[in-house]
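*Asks:*
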Amino acid sequence: MLLIDTHNHLDFPDFDADRPAVLARSRALGVERQVLIGVYQAHWQRLWDLVSVEPGLYASLGLHPAFLDRHRPEHLTQLRDWLQRLAGHDKLCAIGEIGLDYYVEQPDKPAQQALFEVQLKLAMEFELPVLLHVRRAHADVIATLKRLRPARGGIAHAFSGSYEEAHEYQKLGFYVGLGGAGTWPQAQRMHKVLAQLPLDAIVLETDAPDIAPASHPGQRNSPEYLPQICAELARIKGVTPEDLAAASYRNSCTLFGWR
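Each step along the sequence shown adds one to the number in the numbering used here, with nothing skipped, and position 219 is 1114.
Spelled out as structure tokens, the structure:
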């Protein structure tokens, strides 16, 4: 059973002590590819250095809405420079994690919206998929996507919205990213949405080191847990783990243009 972790932060310091071992265990368990996500300018180089030397690791670069206080106007210029320099590189697969986060305390919605739109336009210019971060902001994100229409689509990462919202993303060419949050017994709303989602709408992720599955409560999440996440989500959906893994793998390859 082959798997792709479409969203994690393996470059974060949480993995500095045992990153090679985590990678080895993940690969042994069938996690063939991993997409590492950039969230602010200061760590793009660290992320790129890691994916450049490790097979099966890919980079997505962006400016995350929850780190608004770290971003500077020149970082958008630098993001464009990075995308220009790496255009066509097989290790660069997307722009993200970008979007809107209204869960943060006193969100600066106009600033988040402006940052989101500039990066969406970069994704369109460089013909890259978009990896979305959305918290309590699905209506505004969907409205923005409908207005700008990024052609390559992307993923609504760590999805926790309604089935109707998931369907809107799918119509716009976006997949629904599901991970550890859906494995918890109390995630009843997510379980109902998962039961209704077609397999061609789903990709799997861990968001490691965050959002550990129910099988590892209170622990650092890890890409090596993706098979367990897949198995539990498949049980909830009423399909086999092999079928869910195959669908997620196929959907991920379609999105990122991998053979």
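Using N, Cα and C, we set each Cβ at its ideal position, and we do this for glycine too.
Please name the residue in R922, D911, L1040 whose C-alpha comes closest to that of R941.
*Replies:* D911
*Asks:* Between the alpha carbons of L1023 and T972, how many angstroms are there, rounded?
*Replies:* 17 Å
*Asks:* What is the DSSP secondary structure of V900, reduced to helix, strand or coil?
*Replies:* A small fix is needed here, since residue 900 is Asp in this sequence, not Val. D900: strand per DSSP, three-state reduction.
*Asks:* Our contact map puts G1077 next to L1089 with C-beta atoms below 8 Å; I'd like the distance itself, whole angstroms only.
*Replies:* At roughly 6 Å, the Cβ-Cβ gap stays under 8 Å, so G1077 and L1089 are in contact.
*Asks:* Count Cβ pairs between the stretch 1006 to 1022 and the stretch 1053 to 1060 that sit closer than 8 Å; are there 3 or more?
*Replies:* no
*Asks:* Using alpha carbons as the reference points, say which of K1004, G983, V999 lies closest to A1018.
*Replies:* G983
*Asks:* Give the straight-line distance between the Cα atoms of Y1144 and P1136, rounded to the nearest whole angstrom.
*Replies:* Going by C-alpha positions, Y1144 is about 12 Å away from P1136.
*Asks:* What does DSSP give as the partner residue(s) for F1069 in the beta ladder?
*Replies:* DSSP output for F1069 lists G1049 as bridge partner(s).
*Asks:* Can you tell me the Cα-Cα spacing of Q1123 and P1112, whole angstroms?
*Replies:* Taking the straight line from one Cα to the other gives about 13 Å.
*Asks:* Against chain D, with Cβ distances strictly below 8 Å, would A1090 count as a contact?
*Replies:* The structure shown contains no chain D; it is built from a single protein chain.
*Asks:* Rounded to whole angstroms, what's the CA-CA distance from D1102 to C1125? Just pull it up for me.
*Replies:* 14 Å
*Asks:* Quick check on this structure: which residue in I1037, F1151, G1074 has the alpha carbon closest to the alpha carbon of A1109?
*Replies:* G1074
*Asks:* Using CA coordinates, which residue listed in L1150, R1030, L1139 is at the minimum distance from L1067?
*Replies:* L1150
*Asks:* According to DSSP, is A982 helix, strand or coil?
*Replies:* coil
*Asks:* Would you grab the beta carbon distance between P1195 and L905 for me? Rounded to a whole angstrom, and I think it's under 8 Å.
*Replies:* Nothing in the structure corresponds to residue 1195, since the chain is present only between 896 and 1154.
*Asks:* Which term fits E969, buried or exposed, when burial requires 16 or more other beta carbons within 10 angstroms of its beta carbon?
*Replies:* exposed
*Asks:* Taking the continuous beta strand (DSSP E) assigned at I990, which residues delimit it?
*Replies:* Under the DSSP assignment, I990 falls in the beta strand (DSSP E) whose first and last residues are 987 to 996.
*Asks:* Which runs of the beta strand (DSSP E) fall wholly inside the stretch 945 to 972 and span at least 3 residues, in chain order?
*Replies:* Counting whole runs of 3 or more residues, the stretch 945 to 972 contains the beta strand (DSSP E) stretches 952 to 956.
*Asks:* Compare the C-alpha of A989 against each of V1036, Q1081, A1141, F1069 and name the closest.
*Replies:* F1069
*Asks:* Would you call the CB atoms of H902 and Y935 closer than 8 Å?
*Replies:* The Cβ atoms of H902 and Y935 lie no closer than 8 Å to each other.
*Asks:* Would you say E1100 and D909 are within 8 Å of each other, going by their C-beta atoms?
*Replies:* no
*Asks:* Where does R1030 fall in DSSP's three states?
*Replies:* strand
*Asks:* Please classify I1106: does DSSP put it in a helix, a strand, or coil?
*Replies:* coil
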